[in-house]
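Chemist: For the sequence shown, counting from 1, position 168 maps to 168 in UniProt numbering; every step adds exactly one.
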Amino acid sequence: MGRGKIEIKKIENVNNRQVTFSKRRAGLLKKAHELAVLCDAEVAVIIFSSTGKLFEFASLSMKRTLARYNNCIDPQETVKAEPDHEVHLRTNFEKPCPVMENKKHESKEIDVLKQEIENLKLKQSQLLGKDLNGVGLKEVLELEQQLNQALISIKNKKEQILMNQLERAKVKEQQMKLENNTLREQVQELRGKIHPNGNVQQLNLEYHSELESPVENYGIGSGDSICNDDVENEYSDTTLHLGPPSGICGKRKARGGESQCTHSASRM
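1) Grouping DSSP H, G and I as helix and E and B as strand, with all else coil, what is E139?
2) Mind checking whether K10 and R17 have CB atoms under 9 Å apart?
3) When burial is assigned at 16 or more other CB atoms within 10 Å of the CB, is V140 buried or exposed?
4) Using beta-carbon positions only, say whether S59 and A32 come within less than 9 Å of one another.
5) Tell me which residue opens and which closes the alpha helix (DSSP H) that V37 is part of.
6) Which of helix, strand or coil does DSSP assign to V43?
7) Measure from the alpha carbon of N102 to the alpha carbon of each residue in L128, V19, K63 and K53, then state which is nearest.
8) Looking at the structure shown, is E56 part of a helix, part of a strand, or coil, going by DSSP?
9) Which two residues bound the contiguous alpha helix (DSSP H) that contains K130?
10) From what residue to what residue does the alpha helix (DSSP H) around L63 run?
11) Which value, in whole angstroms, describes the spacing of the CA atoms of S50 and A41?
12) Could you tell me how far apart the beta carbons of L137 and D131 are, in whole angstroms, since I believe they sit closer than 8 Å?
13) Can T20 and A44 be called in contact, C-beta distance under 9 Å?
14) Give me the Cα-Cα distance between C72 and Q124, rounded to the nearest whole angstrom.
15) Does the Cβ of I6 have 16 or more other Cβ atoms within 10 Å, making it buried, or fewer, making it exposed?
16) Quick one: complete beta strand (DSSP E) runs, 3+ long, within the UniProt domain "K-box" (103-193)?
17) On the premise that L143 lies in contact with L127, defined as a C-beta separation below 8 Å, what is that separation, rounded to the nearest angstrom?
18) Alpha carbons only, please: which of L147, K114, N70 and L28 is nearest the one belonging to F55?
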């Protein structure tokens with residue numbers, strides 16, 4: 001089944017128009033290439049899309065084909081015979097293409113930038129003492145002046161960095177002093193808190209001495225060490241004695257101190 005005829009008019013849908021343009025453009029350029037190869041013809045095709053994008057094809061060279069085209073046509077005769085739209089197309093061919101102009105402008109900018117990069121590299125190598133061949137006295141003096149200025153700037157920067165480090169060290173020193181003072185105060189506070197415990201120990205000692213004092217009140221002298229030892233043993237002994245103690249207190253009876261030993265035994 002064959003394809004139906006398509007009405008030749010502008011396609012209103014933008015997407016459909018773009019798809020149709022791409023297909024038809026590819027087919028046209030393919031046919032132009034086949035015509036140039038099969039028939040040994042010189043073919044040139046120039047296409048501008050609705051957005052202004054340029055598409056072209058030339059079997060040999062676009063400039064050569066356009067020059068040949070211009071040489072084959074007499075401008076005075078063709079302007080009278082040609083319709084207005086053909087004149088408009090030919091004048092558009094003679095106008096410079098904006099895309100090509102932009103490319104030329106970009107290529108010029110690239111060349112300028114490349115030249116500047118080369119000059120900077122050469123200047124850098126000269127500052128390092130290299131590539132000085134062909135340099136005159138004036139250029140050498142300028143390089144020397146630039147190096148002196150750079151050296152002065154570097155020294156100033158070095159001094160500034162050292163001063164900043166010194167200031168930071170001073171600030172750190174002050175902080176360390178404050179921390180040391182704080183630690184000393186904390187140590188003093190801890191020592192003040194530990195001091196009352198020493199007083200408690202003294203009170204305990206006094207309490208034990210008071211426990212030992214009633215023994216002397218019952219007539220046991222400090223010179224009688226044997227009786228004191230016996231009394232201390234009686235206080236420290238945990239057993240219960242039902243009778244009077246023997247031994248040393250029996251000797252105290254013979255000396256006339258029977259009542260005191262009996263009294264102490266009864267307290268036990």
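We treat Cβ as the ideally placed atom computed from N, Cα and C, and that holds for glycine. None of these values were measured; they are calculated from a predicted model.
Modeler: In short, the structure shows the following:
1) Of the three classes helix, strand and coil, the one that applies to E139 here is helix, per DSSP.
2) The answer is yes: Cβ separation under 9 Å.
3) Under a 10 Å Cβ-count criterion, V140 is classified as exposed, with fewer than 16 other Cβ atoms of the shown protein chains found around its own Cβ.
4) Cβ distance < 9 Å, so S59 and A32 count as in contact.
5) Element bounds for V37: V14 to C39.
6) Note: V43 maps to coil in three-state DSSP.
7) When each option's Cα is compared against that of N102, the closest is K53.
8) Three-state result, E56: strand.
9) Judged by DSSP secondary structure, K130 falls outside any alpha helix (DSSP H); it is assigned neither H nor E.
10) Looking at the sequence shown, residue 63 is not Leu but Lys. Looking at the DSSP string, the run of the alpha helix (DSSP H) that includes K63 is M62 to C72.
11) S50 and A41 have their C-alpha atoms spaced approximately 29 Å apart.
12) Contact flag wrong, Cβ pair sits at about 17 Å.
13) Contact flag unset, no.
14) Distance between the alpha carbons of C72 and Q124 is about 57 Å.
15) I6 is exposed by the Cβ-count criterion.
16) None, since the UniProt domain "K-box" (103-193) contains no complete beta strand (DSSP E) of that length.
17) Right, their Cβ atoms sit about 6 Å apart.
18) The shortest Cα separation from F55 among L147, K114, N70 and L28 belongs to L28.
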